[in-house]
Amino acid sequence: AESPELKGGDFAPSASRTTNMATAKKILIVLTSHDKLADTGKQTGYYLPEVAHPLHVFKEAGFSVDFCSPQGGTPPCDEGSKAAFAEDAICKAFDFAQVANTKTPAQVNPADYNAIFYAGGHGTMFDFDNAKLAEIGAAVYEKGGVVGAVCHGPAGLLTIKVGGDFLIKGKKVTGFSNEEEGAVGLAQTMPYSLEDRMKGAGGVYSCGPNWGEYVQSDSRVVTGQNPASSTAAAKEIVKALSS
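Using the numbering used here, you'd call the opening residue of the sequence shown number 510 and step up by one each time.
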């Protein structure tokens, strides 16, 4: 699990944001279906604040939200994230019934969405390399939408192609860093390095200090480095959709 030190930041809605500005805006949040941390015997899944905090921001902005996962149905929540954020107000208020029946990628019509947000958690490293998810992301982007991700969620961006090139090629991006992966002792457990793969797909990768809020936004692609970046990344998506 990711560091228990990570807390989410400022969740107050922007005073300048009004529900009217967000009329008809709809966001698809993608969650992992994977619940096993390789062969460690440990449980994993989506990281709770990386869903709860962005959802809160999107709802406060007046957006409607749907959920999707590679297998559909009820995706697994990382139990460590529940424990680490047990006293976090936004996570405590999260209604798990909202994600009890997520869509499969095949059930998603990309034309319905103004943005897609790939939430993180270590599970994403095992199942976000999904051709249908990549097609949805590309379709949302190609019609002028925003593609976002946080922490390990950028695993879902790695195979998105637009106009024959990787979506993140030449764009400023971030995601869970090699240093952070090493700090939580899972660098050898992951099937690949997210930072290295983002660079390999042509992304102009950068990161901030471990566990600190750090977000990159470039040409309608918004990425956050870690759980502490969840709220800020979501606010950048709201900003991009409201401009």
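Virtual Cβ for every residue (Gly too), placed ideally from N, Cα, C.
Task: Residues bridged to Lys612 (per DSSP) - done: Translated into positions along the sequence shown, residue 612 becomes position 103. According to the DSSP secondary-structure assignment, Lys612 is paired through a beta bridge with Cys577.
Open item on the list: I need the DSSP call for Lys670, collapsed to helix, strand or coil.
Closed with: Counting from 1 along the sequence shown, the entry for residue 670 is found at position 161. Secondary structure of Lys670 (DSSP, three-state): strand.
Task: 8 Å contact criterion, which Ala742 and Arg729 should meet: CB distance rounded - done: The residue given as residue 742 occupies position 233 in the sequence shown. The residue given as residue 729 occupies position 220 in the sequence shown. Wrong, their Cβ atoms sit about 13 Å apart, outside the cutoff.
TODO: Grab me the residues of Phe603's own chain with a C-beta within less than 8 Å of its C-beta, minus the 5 sequence neighbours each way, in chain order.
DONE: Residue numbering aside, residue 603 sits at position 94 when the sequence shown is read from its first letter. Result list for Phe603: Leu557, Val560, Ala561 and Leu564, in chain order.
Open item on the list: Restricting to Cα atoms, I'd like to know which of Glu688, Gly654, Asp636 and Lys670 is closest to Ala664.
Closed with: The sequence position of residue 664 within the sequence shown is 155, counting from 1. Closest option to Ala664, judged by alpha-carbon separation, among Glu688, Gly654, Asp636 and Lys670: Asp636.
- [ ] Would you check if there are 3 or more beta carbon pairs closer than 8 Å linking the stretch 641-653 to the stretch 590-605?
- [x] With the cut-off at 8 Å, the stretch 641-653 and the stretch 590-605 do not touch.
Task: Option in Thr549, Ser590 and Lys708 with minimal Cα separation from Gly503 - done: The question about residue 503 has no answer, for the chain in this structure spans 510 to 752.
TODO: Measure from the alpha carbon of Lys708 to the alpha carbon of each residue in Glu690, Thr683 and Thr541, then state which is nearest.
DONE: Along the sequence shown, read from residue 1 onward, the residue named residue 708 stands at position 199. Answer by Cα proximity: Thr683.
Task: Anticipated Cβ contact below 8 Å, Val617 with Pro584, distance rounded - done: As a working note, residue 617 is residue 108 in the sequence shown. As a working note, residue 584 is residue 75 in the sequence shown. Going by Cβ atoms, the distance from Val617 to Pro584 rounds to 15 Å, so no, they are not a contact pair.
Open item on the list: To the nearest angstrom, how far is the alpha carbon of Leu667 from that of Gly646?
Closed with: Reading the sequence shown from its first residue, position 158 is the one you call residue 667. Reading the sequence shown from its first residue, position 137 is the one you call residue 646. Spanning the two alpha carbons is a distance of roughly 11 Å.
Open item on the list: Buried or exposed for Asp705, going by 16 or more other Cβ atoms inside 10 Å?
Closed with: Here residue 705 is taken as the residue at index 196 of the sequence shown, counted from 1. Classification for Asp705: exposed.
Task: Complete alpha helix (DSSP H) runs within the stretch 582-645 (minimum length 4 residues, chain order) - done: Segments of the alpha helix (DSSP H) lying fully in the stretch 582-645: 588-593, 598-601 and 633-636.
Open item on the list: Going by the DSSP bridge assignment, what does Asp727 pair with across the sheet?
Closed with: Here the question's residue 727 lines up with position 218 in the sequence shown. When DSSP reads this structure, Asp727 sits in a beta bridge with Val730.
TODO: Out of Leu537, Val574, Gly632 and Ala606, point me to the one whose CA is closest to Lys551's CA.
DONE: Residue 551 sits at position 42 when you count from the first residue of the sequence shown. Nearest C-alpha to Lys551: Gly632.
TODO: Grab me the residues of Glu745's own chain with a C-beta within less than 6 Å of its C-beta, minus the 5 sequence neighbours each way, in chain order.
DONE: Residue 745 sits at position 236 when you count from the first residue of the sequence shown. Taken in chain order, the residues that qualify are Val724, Ser726 and Val731.
Task: Proximity winner among Thr541, Tyr714 and Cys577, relative to Asp587 (alpha-carbon distances) - done: Walking along the sequence shown from the start, residue 587 turns up at place 78. Checked all of Thr541, Tyr714 and Cys577; the closest Cα to Asp587 is Thr541.
Open item on the list: Taking only three categories from DSSP, how would you classify Tyr650?
Closed with: One-based indexing of the sequence shown puts residue 650 at position 141. In the three-state reduction of the DSSP assignment, Tyr650 falls in the helix class, which pools H, G and I.
TODO: Take Glu722 as the anchor and find which of Gly581, Thr740, Tyr714 and Ala547 has the nearest alpha-carbon.
DONE: Indexing the sequence shown from 1 puts residue 722 at position 213. When each option's Cα is compared against that of Glu722, the closest is Thr740.
TODO: Look at Asn765 and Lys535 and say whether their C-beta atoms are less than 7 Å apart.
DONE: Residue numbering for the chain in the displayed model covers 510 to 752; residue 765 lies beyond these limits and cannot be assessed.
TODO: Would you kindly check if the distance between the Cβ of Ala648 and the Cβ of Tyr627 is under 7 Å?
DONE: Translated into positions along the sequence shown, residue 627 becomes position 118. Translated into positions along the sequence shown, residue 648 becomes position 139. Going by C-beta atoms, Tyr627 is not nearer than 7 Å to Ala648.
Task: For Asn719 and Glu688, believed in contact at Cβ under 8 Å, the rounded distance - done: Here the question's residue 688 lines up with position 179 in the sequence shown. Here the question's residue 719 lines up with position 210 in the sequence shown. At roughly 6 Å, the Cβ-Cβ gap stays under 8 Å, so Glu688 and Asn719 are in contact.
- [ ] Measuring alpha carbon to alpha carbon, tell me which of Cys660, Pro700, Met699 and Ala710 ends up nearest Cys673.
- [x] Taking the first residue of the sequence shown as position 1, residue 673 is located at position 164. The sequence shown places Gly at residue 673, not Cys. Checked all of Cys660, Pro700, Met699 and Ala710; the closest Cα to Gly673 is Ala710.
TODO: Tell me where the beta strand (DSSP E) around Val693 begins and ends.
DONE: Here residue 693 is taken as the residue at index 184 of the sequence shown, counted from 1. Counting along the chain, Val693 sits inside no beta strand (DSSP E), nor does DSSP assign it H or E at all.
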